[in-house]
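A short worksheet on the structure shown next.
Numbering (my numbering), first residue to last: 1141 to 1396.
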(Lines of atoms letter the chains of each structure in order from A and count residues from 1; the text may use other names and numbers.)
(Lines give C-alpha, C1' and ligand atoms only; values in the text may rest on other atoms or scores of the structure.)
Protein backbone atom coordinates (compact mmCIF):
# COMPACT_ATOMS: atom_id res chain seq x y z
CA UNK A 1 0.00 0.00 0.00
CA UNK A 2 2.81 2.40 0.90
CA UNK A 3 4.53 1.62 -2.38
CA UNK A 4 1.32 2.38 -4.27
CA UNK A 5 0.89 5.73 -2.51
CA UNK A 6 4.51 6.66 -3.19
CA UNK A 7 4.13 5.70 -6.84
CA UNK A 8 0.99 7.85 -7.13
CA UNK A 9 2.77 10.83 -5.56
CA UNK A 10 5.70 10.50 -7.92
CA UNK A 11 3.33 10.14 -10.87
CA UNK A 12 1.40 13.28 -9.89
CA UNK A 13 4.64 15.18 -9.41
CA UNK A 14 5.78 14.16 -12.86
CA UNK A 15 2.44 15.21 -14.32
CA UNK A 16 2.70 18.58 -12.59
CA UNK A 17 6.21 19.03 -13.93
CA UNK A 18 5.29 17.95 -17.42
CA UNK A 19 2.15 20.08 -17.48
CA UNK A 20 3.86 23.28 -16.29
CA UNK A 21 3.23 25.94 -18.88
CA UNK A 22 6.54 27.26 -20.31
CA UNK A 23 5.14 30.79 -20.23
CA UNK A 24 4.27 30.38 -16.54
CA UNK A 25 7.77 29.03 -15.85
CA UNK A 26 9.28 32.08 -17.52
CA UNK A 27 7.06 34.39 -15.45
CA UNK A 28 7.93 32.60 -12.21
CA UNK A 29 11.65 32.71 -12.97
CA UNK A 30 11.45 36.43 -13.64
CA UNK A 31 9.54 36.99 -10.40
CA UNK A 32 11.91 34.97 -8.18
CA UNK A 33 15.01 36.43 -9.87
CA UNK A 34 13.59 39.90 -9.27
CA UNK A 35 12.94 39.03 -5.62
CA UNK A 36 16.57 38.01 -5.14
CA UNK A 37 17.69 41.12 -7.03
CA UNK A 38 15.71 43.31 -4.62
CA UNK A 39 17.76 41.91 -1.73
CA UNK A 40 21.00 42.33 -3.70
CA UNK A 41 20.17 46.02 -4.13
CA UNK A 42 18.57 46.56 -0.68
CA UNK A 43 15.10 47.41 -1.96
CA UNK A 44 12.46 47.17 0.78
CA UNK A 45 9.89 45.94 -1.74
CA UNK A 46 11.65 42.59 -1.27
CA UNK A 47 9.37 42.01 1.72
CA UNK A 48 6.26 43.18 -0.13
CA UNK A 49 6.68 40.30 -2.58
CA UNK A 50 5.99 37.89 0.27
CA UNK A 51 2.37 37.11 1.13
CA UNK A 52 0.97 38.71 4.32
CA UNK A 53 0.89 35.20 5.79
CA UNK A 54 4.24 34.32 4.23
CA UNK A 55 6.96 32.43 6.09
CA UNK A 56 10.73 32.50 5.65
CA UNK A 57 12.73 29.63 7.20
CA UNK A 58 16.44 30.29 7.58
CA UNK A 59 19.38 27.99 8.18
CA UNK A 60 19.26 28.06 11.99
CA UNK A 61 16.85 25.60 13.66
CA UNK A 62 15.22 28.43 15.62
CA UNK A 63 14.33 30.49 12.54
CA UNK A 64 10.76 30.65 11.40
CA UNK A 65 10.08 34.23 10.35
CA UNK A 66 6.63 35.66 9.72
CA UNK A 67 6.75 38.35 7.06
CA UNK A 68 6.40 41.41 9.28
CA UNK A 69 8.96 40.18 11.81
CA UNK A 70 11.31 39.43 8.92
CA UNK A 71 10.76 42.94 7.55
CA UNK A 72 11.55 44.58 10.89
CA UNK A 73 14.72 42.53 11.27
CA UNK A 74 15.82 43.41 7.75
CA UNK A 75 15.31 47.18 7.94
CA UNK A 76 18.80 47.89 9.26
CA UNK A 77 20.32 45.93 6.36
CA UNK A 78 18.13 47.47 3.65
CA UNK A 79 17.47 51.08 4.56
CA UNK A 80 20.37 53.32 3.57
CA UNK A 81 22.36 50.39 2.15
CA UNK A 82 23.34 49.53 -1.41
CA UNK A 83 23.08 45.77 -0.84
CA UNK A 84 21.66 43.38 1.73
CA UNK A 85 22.39 39.72 0.87
CA UNK A 86 23.25 38.46 -2.60
CA UNK A 87 21.93 35.16 -4.01
CA UNK A 88 22.81 34.00 -7.52
CA UNK A 89 20.47 31.20 -8.71
CA UNK A 90 22.29 28.55 -10.74
CA UNK A 91 19.41 26.06 -11.21
CA UNK A 92 15.68 26.16 -10.63
CA UNK A 93 12.82 23.69 -11.18
CA UNK A 94 9.29 25.07 -11.33
CA UNK A 95 6.06 23.09 -10.81
CA UNK A 96 2.42 24.17 -10.75
CA UNK A 97 -1.14 22.98 -10.35
CA UNK A 98 -3.12 22.63 -13.60
CA UNK A 99 -4.80 26.02 -13.10
CA UNK A 100 -1.49 27.72 -12.26
CA UNK A 101 -2.73 29.28 -9.02
CA UNK A 102 -0.31 27.33 -6.81
CA UNK A 103 3.35 27.08 -7.79
CA UNK A 104 6.31 25.49 -6.05
CA UNK A 105 10.00 25.46 -6.95
CA UNK A 106 13.44 24.37 -5.83
CA UNK A 107 16.72 26.11 -6.58
CA UNK A 108 20.47 26.00 -6.13
CA UNK A 109 22.17 29.25 -5.10
CA UNK A 110 25.64 30.72 -4.97
CA UNK A 111 25.66 33.22 -2.10
CA UNK A 112 28.10 35.91 -1.05
CA UNK A 113 28.30 34.92 2.62
CA UNK A 114 27.37 31.23 2.89
CA UNK A 115 28.69 29.63 -0.28
CA UNK A 116 26.48 27.05 -1.98
CA UNK A 117 22.91 26.87 -0.68
CA UNK A 118 19.69 25.10 -1.58
CA UNK A 119 16.18 26.47 -1.24
CA UNK A 120 12.56 25.66 -1.98
CA UNK A 121 9.53 27.89 -2.13
CA UNK A 122 5.80 28.09 -2.66
CA UNK A 123 4.15 30.87 -4.68
CA UNK A 124 0.49 31.82 -4.78
CA UNK A 125 -0.92 33.45 -7.90
CA UNK A 126 -3.57 36.09 -7.16
CA UNK A 127 -5.41 38.71 -9.18
CA UNK A 128 -2.65 41.17 -8.17
CA UNK A 129 0.17 38.84 -9.25
CA UNK A 130 2.57 36.42 -7.59
CA UNK A 131 3.34 36.31 -3.86
CA UNK A 132 5.74 34.09 -1.94
CA UNK A 133 3.91 32.04 0.68
CA UNK A 134 6.80 29.91 1.89
CA UNK A 135 10.57 29.90 1.41
CA UNK A 136 13.14 27.67 3.09
CA UNK A 137 16.89 28.20 2.82
CA UNK A 138 19.51 25.59 3.73
CA UNK A 139 23.25 25.13 3.44
CA UNK A 140 24.40 22.65 0.81
CA UNK A 141 26.68 20.27 2.74
CA UNK A 142 28.62 17.62 0.79
CA UNK A 143 27.92 14.12 2.09
CA UNK A 144 31.65 13.44 2.48
CA UNK A 145 31.97 16.11 5.19
CA UNK A 146 28.55 15.71 6.80
CA UNK A 147 29.99 14.04 9.94
CA UNK A 148 32.49 16.86 10.48
CA UNK A 149 29.77 19.47 10.04
CA UNK A 150 27.53 17.54 12.42
CA UNK A 151 30.30 17.57 15.03
CA UNK A 152 30.66 21.34 14.75
CA UNK A 153 26.89 21.87 14.97
CA UNK A 154 26.55 19.52 17.96
CA UNK A 155 29.32 21.32 19.84
CA UNK A 156 27.77 24.73 19.10
CA UNK A 157 24.32 23.60 20.28
CA UNK A 158 25.86 22.15 23.46
CA UNK A 159 27.45 25.54 24.26
CA UNK A 160 24.13 27.32 23.75
CA UNK A 161 22.30 24.77 25.91
CA UNK A 162 24.86 25.09 28.70
CA UNK A 163 24.49 28.88 28.76
CA UNK A 164 20.69 28.87 28.71
CA UNK A 165 18.75 28.93 32.01
CA UNK A 166 16.82 25.78 32.91
CA UNK A 167 13.16 25.79 31.79
CA UNK A 168 10.47 26.58 34.31
CA UNK A 169 8.58 23.72 35.88
CA UNK A 170 6.24 22.12 33.36
CA UNK A 171 7.72 24.08 30.44
CA UNK A 172 9.26 22.33 27.46
CA UNK A 173 12.94 22.95 26.84
CA UNK A 174 12.59 23.04 23.02
CA UNK A 175 13.19 26.61 21.76
CA UNK A 176 10.19 28.48 20.41
CA UNK A 177 9.85 28.41 16.63
CA UNK A 178 9.27 32.14 16.27
CA UNK A 179 11.80 34.38 18.08
CA UNK A 180 10.21 36.90 20.42
CA UNK A 181 12.70 39.51 19.26
CA UNK A 182 14.81 39.67 16.13
CA UNK A 183 18.27 38.34 16.98
CA UNK A 184 21.48 39.97 15.82
CA UNK A 185 23.53 38.01 13.27
CA UNK A 186 26.60 36.33 14.70
CA UNK A 187 28.93 37.38 11.88
CA UNK A 188 29.66 40.84 10.58
CA UNK A 189 28.83 41.45 6.90
CA UNK A 190 31.73 41.44 4.48
CA UNK A 191 32.27 44.25 1.96
CA UNK A 192 29.25 46.20 3.18
CA UNK A 193 26.84 43.30 2.73
CA UNK A 194 24.41 42.22 5.39
CA UNK A 195 24.72 38.56 6.29
CA UNK A 196 22.33 36.23 4.57
CA UNK A 197 19.32 35.22 6.69
CA UNK A 198 21.33 33.01 9.03
CA UNK A 199 19.91 34.22 12.33
CA UNK A 200 21.18 33.04 15.71
CA UNK A 201 19.52 34.07 18.97
CA UNK A 202 21.89 35.33 21.61
CA UNK A 203 22.47 33.01 24.54
CA UNK A 204 20.82 34.13 27.75
CA UNK A 205 23.43 34.51 30.53
CA UNK A 206 22.82 32.65 33.71
CA UNK A 207 22.62 34.54 36.98
CA UNK A 208 24.47 33.13 39.94
CA UNK A 209 22.10 32.47 42.83
CA UNK A 210 22.61 34.46 46.01
CA UNK A 211 24.03 32.50 48.98
CA UNK A 212 21.28 31.07 51.10
CA UNK A 213 22.66 32.23 54.45
CA UNK A 214 24.68 35.34 53.58
CA UNK A 215 24.63 37.88 56.41
CA UNK A 216 23.27 41.34 55.74
CA UNK A 217 25.91 43.91 54.89
CA UNK A 218 26.85 46.53 57.48
CA UNK A 219 26.74 50.19 56.41
CA UNK A 220 30.45 50.14 55.69
CA UNK A 221 30.15 47.14 53.45
CA UNK A 222 31.49 44.52 55.89
CA UNK A 223 29.18 41.78 57.12
CA UNK A 224 27.45 42.60 60.37
CA UNK A 225 28.66 40.64 63.39
CA UNK A 226 26.45 37.71 64.19
CA UNK A 227 25.41 37.91 67.87
CA UNK A 228 26.31 34.91 69.96
CA UNK A 229 23.76 33.12 72.07
CA UNK A 230 23.37 34.60 75.58
CA UNK A 231 25.10 32.47 78.24
CA UNK A 232 22.91 30.47 80.55
CA UNK A 233 22.34 32.25 83.91
CA UNK A 234 24.56 31.18 86.79
CA UNK A 235 23.14 29.01 89.51
CA UNK A 236 21.22 30.94 92.18
CA UNK A 237 23.56 32.01 95.10
CA UNK A 238 23.00 31.19 98.72
CA UNK A 239 20.53 33.56 100.39
CA UNK A 240 23.16 35.14 102.63
CA UNK A 241 25.54 36.10 99.85
CA UNK A 242 24.53 38.97 97.54
CA UNK A 243 24.65 38.14 93.87
CA UNK A 244 27.80 39.33 92.15
CA UNK A 245 27.12 38.68 88.44
CA UNK A 246 29.36 40.36 85.91
CA UNK A 247 27.51 41.79 82.95
CA UNK A 248 28.46 40.33 79.57
CA UNK A 249 30.45 42.71 77.36
CA UNK A 250 28.43 44.57 74.78
CA UNK A 251 28.81 43.32 71.19
CA UNK A 252 30.65 45.79 69.01
CA UNK A 253 30.38 45.30 65.24
CA UNK A 254 33.70 44.86 63.56
CA UNK A 255 34.99 47.92 61.83
CA UNK A 256 34.87 47.84 58.06
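Glycine included, C-beta positions come from ideal geometry on N, C-alpha and C.
| Query | Result |
| --- | --- |
| contact_flag[the stretch 1208-1220, the stretch 1234-1249] where n(CB pairs < 8 Å) is 3 or more | no |
| Alpha helix (DSSP H) segment containing residue 1174, residue limits | 1162-1180 |
| Contacting residues, own chain, Cβ-Cβ under 8 Å from residue 1195 (five flanking each side not counted) | 1204, 1205, 1206, 1207, 1273, 1274 and 1275 |
| Chain D within 8 Å of residue 1230, Cβ atoms only | In the structure shown, chain D does not exist; there is a single protein chain. |
| Straight-line Cα distance separating residue 1255 from residue 1215 | 24 Å |
| Buried versus exposed call for residue 1160 [16 or more other C-beta atoms within 10 Å across all chains shown] | buried |
| Neighbourhood of residue 1281 by C-beta distance below 7 Å, restricted to the same chain and skipping five residues each side | 1289 |
| Backbone secondary structure at residue 1222 - three-state DSSP | coil |
| Among 1229, 1188, 1270 and 1201, the one whose alpha carbon lies nearest that of residue 1211 | 1188 |
| Assigned secondary structure, residue 1301 (DSSP; H/G/I helix, E/B strand, else coil) | helix |
| Three-state secondary structure assigned by DSSP to residue 1265 | strand |
| Unbroken beta strand (DSSP E) run spanning residue 1250, endpoints | 1242-1251 |
| Residue 1193: first and last residue of the uninterrupted beta strand (DSSP E) it sits in | 1190-1197 |
| Buried or exposed by the 16-neighbour rule on C-beta atoms within 10 Å, applied to residue 1265 | buried |
| C-beta contact flag for residue 1252 and residue 1213 at 8 Å | no |
| Bounding residues of the beta strand (DSSP E) (the contiguous stretch that carries residue 1229) | 1227-1236 |
| Among 1228, 1198 and 1162, the one whose alpha carbon lies nearest that of residue 1176 | 1228 |
| Selected residue, minimal CA-CA separation from residue 1182, among 1165, 1223 and 1307 | 1223 |
| Residue burial classification, residue 1271 (beta-carbon count within 10 angstroms, cutoff 16) | buried |
| Distance, residue 1163 Cα to residue 1198 Cα | 30 Å |
| Distance between beta carbons of residue 1277 and residue 1259, contact taken as under 8 Å | 5 Å |
| Nearest residue (CA-CA) to residue 1232, options 1171, 1301, 1307 and 1305 | 1171 |
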